[in-house]
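Worksheet: one structure, shown below.
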Amino acid sequence: MFDALTSRMSRTLAGLRNRGRINPVDLESTLGEIRTALLEADVALTVVEQLITEVRRRGLEAISLKQSGINPAQQVITIIHEEILKVLGTNSRSLAESKRPPSKIMLAGLQGSGKTTLAGKLALWLKEQGNTPLLVACDLARPNAVQQLQIIGEQIGVPVFAPEPGNGQGDPIHVASEGLAFAQKRLHNFVIFDTAGRLGVDVELMKEARAIKNAIEPDDTLFVMDAMTGQDAVNTANAFNTGVGIDGVVLTKVDSDARAGAALSVTSVIGKPILFLSTGEKPKDFEPFHPDRIAQRILGMGDVATLAEQAKKALDEKSAARLEEKFVSGEDFTFEDFLEQLQAMKKMGSMSKLLGMLPGMPGAQGVAMKKQIEAIDD
1 MFDALTSRMS
11 RTLAGLRNRG
21 RINPVDLEST
31 LGEIRTALLE
41 ADVALTVVEQ
51 LITEVRRRGL
61 EAISLKQSGI
71 NPAQQVITII
81 HEEILKVLGT
91 NSRSLAESKR
101 PPSKIMLAGL
111 QGSGKTTLAG
121 KLALWLKEQG
131 NTPLLVACDL
141 ARPNAVQQLQ
151 IIGEQIGVPV
161 FAPEPGNGQG
171 DPIHVASEGL
181 AFAQKRLHNF
191 VIFDTAGRLG
201 VDVELMKEAR
211 AIKNAIEPDD
221 TLFVMDAMTG
231 QDAVNTANAF
241 NTGVGIDGVV
251 LTKVDSDARA
261 GAALSVTSVI
271 GKPILFLSTG
281 EKPKDFEPFH
291 PDRIAQRILG
301 MGDVATLAEQ
311 AKKALDEKSA
321 ARLEEKFVSG
331 EDFTFEDFLE
341 QLQAMKKMGS
351 MSKLLGMLPG
361 MPGAQGVAMK
371 KQIEAIDD
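Residue numbers (full-length UniProt numbering): 1 to 378.
The following block contains the structure:
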């Protein structure tokens, strides 16, 4: 995730740390490298300029003060971290929950953004939190969209409300209303509405999306944004926010490094928070968006908190307690134990992905290790 940007930023900050004491010329050189790295990652120019201006202002203040016992270079690194965090949004935001269930989540976006797959991932994530989600197939425009959602629902064990006879038939507004009534009757506490996308923003798309929104009155309207499409995706999110009104953004395909930096601009540009990240092709490649953790990853500081959460999910408490008891008592560590550990690590994702969460790995050592581990993954 953001590998190229992380690598560039890590090298820049490593050079800054090595200087210890810095002067305005050193600061300007560092800012030039950061500016180039962000622009090459397709972060919006206005966002980059604002960030650089703030870091320059605060950095020069830190250098001029020369506080006893405080390393100016480390102060500047802290300032960079804080300013990137402002760009991403300083606080995590969870889904809005209705006081009168079910809570309604409407997904909107362009065709090809991964909206239907994302609907399944979100439903599975909610299910694992102890909820009873329902998927509603409102995409009647794309061939086989209904069938695709039904297959996803079957795979993850989440029911799907779909129109009869199915693909390409019926009124999406009627389907949304009927799906909501079905959820209320069956006591589902979350409903996810998968709406139709288009190949571009057009009048009909906005009209239909607004009509569905008016019919179901969602607690959250989330724009599904393909991180690979760069600034075009940010512009589209802005258009949806103006034409339909959105409450937040979900980023898909962030495991691809191509132009993914544009996604970092979306909160600053449209003023809406990022709620979730889709980090791969598997149903469980999905995680809440934590701005502080992403800022740490971008600066090569790792993301130990997310790594710990994934480890806890992968290895159940009974297995962990049994293995701990084995180690303490001095019992033999068998091949079966080793296999169990490997299977737990496999559940956490690829080794290269896990490596990216360790502090200091994006540098030369990390790149070399990633190549070796990717070969093992293959």
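Idealized CB from N, CA, C, for every residue including glycine.
DSSP places E33 within a helical segment (H, G or I) once states are collapsed to three. Inter-segment contact for the segment 191–206 and the segment 72–89 is absent: fewer than three beta-carbon pairs are separated by less than 8 Å.
The C-alpha of P133 is placed about 19 Å away from the C-alpha of A145. In this structure, V48 places its C-beta atom within 9 Å of the C-beta atom of R35. In the DSSP assignment, K121 falls outside any beta strand (DSSP E) and within the unbroken alpha helix (DSSP H) covering K115 to E128. In this structure, D219 keeps its C-beta atom at 9 Å or more from the C-beta atom of G248.
Listed in chain order, the non-local C-beta contacts of A41 below 6 Å within the same chain comprise L5 and G261, local neighbours out to five positions each way being set aside. Within the same chain, and ignoring the five residues on either side of I77 in sequence, the residues whose Cβ sits closer than 8 Å to its Cβ are L13, L16, R17 and L299. By the criterion of a C-beta distance shorter than 8 Å, G153 is surrounded in its chain by G120, A123, L135, P159 and V160, once the five residues flanking it on both sides are discounted.
Per the C-alpha coordinates, the member of I270, S265 and A211 positioned closest to I246 is I270. Straight across, the Cα-Cα distance linking L187 with P102 is about 7 Å. Beyond the five residues adjoining it in sequence on each side, V266 comes within less than 7 Å, by CB distance, of M225, V234, A237, V249 and I274 in the same chain, given in chain order. Taken through DSSP and simplified to helix, strand or coil, A108 comes out as strand. Annotated as distal: A108 and F289, with beta-carbon spacing of 9 Å or more. Per the coordinates, the alpha-carbon of T30 lies some 16 Å from the alpha-carbon of E61. In the assembly as shown, L149 is a buried residue. Its beta-carbon has 16 or more other beta-carbons within 10 Å.
Between A183 and V175, the C-beta spacing is not below 9 Å.
Take the alpha-carbon of K284 and the one of F223: they are about 20 Å apart. Between I216 and L180, the C-beta gap is smaller than 9 Å, which places the two residues in contact.
Non-local C-beta neighbours of L277 in its own chain, meaning closer than 6 Å and more than five positions away in sequence, comprise L251, V254, E287 and F289, ordered along the chain. P288: member of the beta strand (DSSP E) spanning F286 to P288, first to last residue. Under DSSP, the beta-bridge partners assigned to I192 are I105 and L135. Distance from the CA atom of M9 to the CA atom of A37, rounded to whole angstroms, is 7 Å. For T6, the uninterrupted alpha helix (DSSP H) segment begins and ends at D3 to R19.
In the structure shown, V224 adopts extended strand secondary structure according to DSSP, grouped into three states.
Following the DSSP letters along the chain, one finds L299 in no alpha helix (DSSP H), marked with neither H nor E.
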